[in-house]
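Residue 305 is where the sequence shown ends in numbering that gives the first Met the number 0, and the numbering goes up by one at each step. Note that beta-carbon positions come from the ideal geometry of N, C-alpha and C, so glycine has one too. Worksheet: the structure to be examined is printed underneath.
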Amino acid sequence: MRSNSLPICSLAPKESIMTTLMQPHCLTHLARYAWSALAITLLSTLASLPTVQASPVVIPDGTADYSPPQLPPGSSRPIATGSGGSYFRPPTLPSGGAPGNRGDGMGSRGGCLAGVPIAVVPVYSQGRYNDHVWGETISERPTIWLYFPGLAPNANPASIKFELVLQNAANQPLYRASLPLPTKAGLVGIPLPAAQAALAPNQMYHWYIKAQCPAAPMQQQASVYVDGWVRRIIPNMTLLNQLQQATPEQKFILYAEQGIWYDALNTLAQLRQTRPNDPTLSRDWGELLKSIRLPKLASYPILRTP
């Protein structure tokens, strides 16, 4: 049987070391030794490296991908309130968006008005010209709050048309009504009337509040408006039971914790009107307005509530 072993690589008489090493079987021995030495070196290096423990990634059941939840663009972190440490937690922006104009980026004058109206609703900015103005309610006929800037010095109240318009998501008009015109600057609550059909659950509604100023000579009639969106949600039984047993202060906390903006604001505004000197309510009012980046409005009076 033929042996597979290689001849021993030995130095022959009168041969130089280089001549011997260049023999084919000697080169094979050298290659084997070289690879063995390299393998030993690599194993020693790997053994000396520190062990890194990878952190597991938890993916919720039933999801292919998972991203940590984030706050809506333009919103701050949830804010603590003086009424017991509750938080306003903004809900997730609807998939179709809610483009609107809150009014606080329109400039300083509004024609026949002393300034520009501002809708007291959260705004979520997505780009320079892409703002989403919206909030949720559990009320069938919610109240929309507005900062009214007062009238310009020479304005004639009788010539100014102040109105609320409500549309569905398909831009079909559902309601239009003239509103009493405030005469000074402050915050005004504008409720949908009892005669108006209740908002359908889980539907988006688009509202406008307009002030139409009389036309100047040789000019068209000027119109100043703000607009936003509201969605009515149905509370779960736990929240519903809590609200039925809660005081007005506790209701505000519950609404704020659940991110139900229209009802949280309206409840706190009514409390502020009945107890204007309550320091806790005053602090809550300021923090709530600060959470939607309207802290300056806290210094204005509440002119009218539902």
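| query | result |
| --- | --- |
| State the DSSP-derived secondary structure class of D226, mapped to helix, strand or coil. | strand |
| Is DSSP giving V56 helix, strand or coil here? | Confidence at V56 is low in this model, with a pLDDT of 28, below 50, so its placement is unreliable and no value can be given for it. |
| In the DSSP assignment, what residue or residues form a beta bridge with N100? | D226 |
| Under three-state DSSP, which class holds S124? | strand |
| Let me confirm a value: T142 is counted as buried when at least 16 other C-beta atoms fall within 10 Å, else exposed. Which label applies? | buried |
| Quick check: does the Cβ of T279 come within less than 7 Å of any heavy atom belonging to the ligand FAD? | Looking for the ligand FAD in the displayed structure turns up nothing, as the structure carries no ligands at all. |
| Just verifying my parser: in three-state terms, what is the DSSP assignment at L42? | Caution is warranted here: a pLDDT of 44 is assigned to L42, below 50, making its placement in the model unreliable, and the coordinate value is therefore given only provisionally. Correct three-state label for L42: helix. |
| Output the distance between the C-alpha atoms of C111 and S124, rounded to the nearest integer angstrom. | 28 Å |
| Let me check understanding here. Comparing Cα to Cα, which of L253, R292, G95 and A118 lies closest to A210? | A118 |
| Can you tell me which of the three DSSP states Q195 falls into? | coil |
| Identify which residue in A268, Q244 and G227 has its Cα closest to the Cα of G306. | Given a span of 0 to 305 for the chain in the structure shown, any question on residue 306 remains unanswerable. |
| Give me the Cβ distance between P200 and R175, rounded to the nearest whole Å; I'm assuming they're in contact under 8 Å. | Not a contact, Cβ separation roughly 23 Å. |
| Using beta-carbon positions only, say whether D283 and L267 come within less than 8 Å of one another. | yes |
| A263: buried (16+ other C-beta within 10 angstroms of its C-beta) or exposed? | buried |
| Taking the straight line between their C-alpha atoms, what separation do you get for L178 and E162? | 5 Å |
| Considering L238, what are the terminal residues of the alpha helix (DSSP H) in which it resides? | M236 to Q244 |
| Report the CB separation of G102 from H131 in whole angstroms; it is logged as a contact under 8 Å. | So it is not a contact: roughly 14 Å between Cβ atoms. |
| Please report the Cβ distance between L165 and L145, rounded to the nearest whole angstrom; I am assuming they are in contact, meaning their Cβ atoms lie under 8 Å. | The Cβ separation is near 14 Å, so there is no contact. |
| So, are the CB atoms of Y207 and L198 less than 8 Å apart? | no |
| Check whether the Cβ atoms of S138 and Y261 lie closer than 8 Å to each other. | yes |
| Going by other Cβ atoms of all chains shown within 10 Å of its Cβ, with 16 needed for buried, is T307 buried or exposed? | Residue 307 lies beyond the range of the chain shown here (0 to 305); nothing can be said about it. |
| Sorted by chain position, which residues of the same chain lie with C-beta nearer than 8 Å to L270's C-beta, five sequence neighbours on each side aside? | P247, E248, F251, D277 and L280 |
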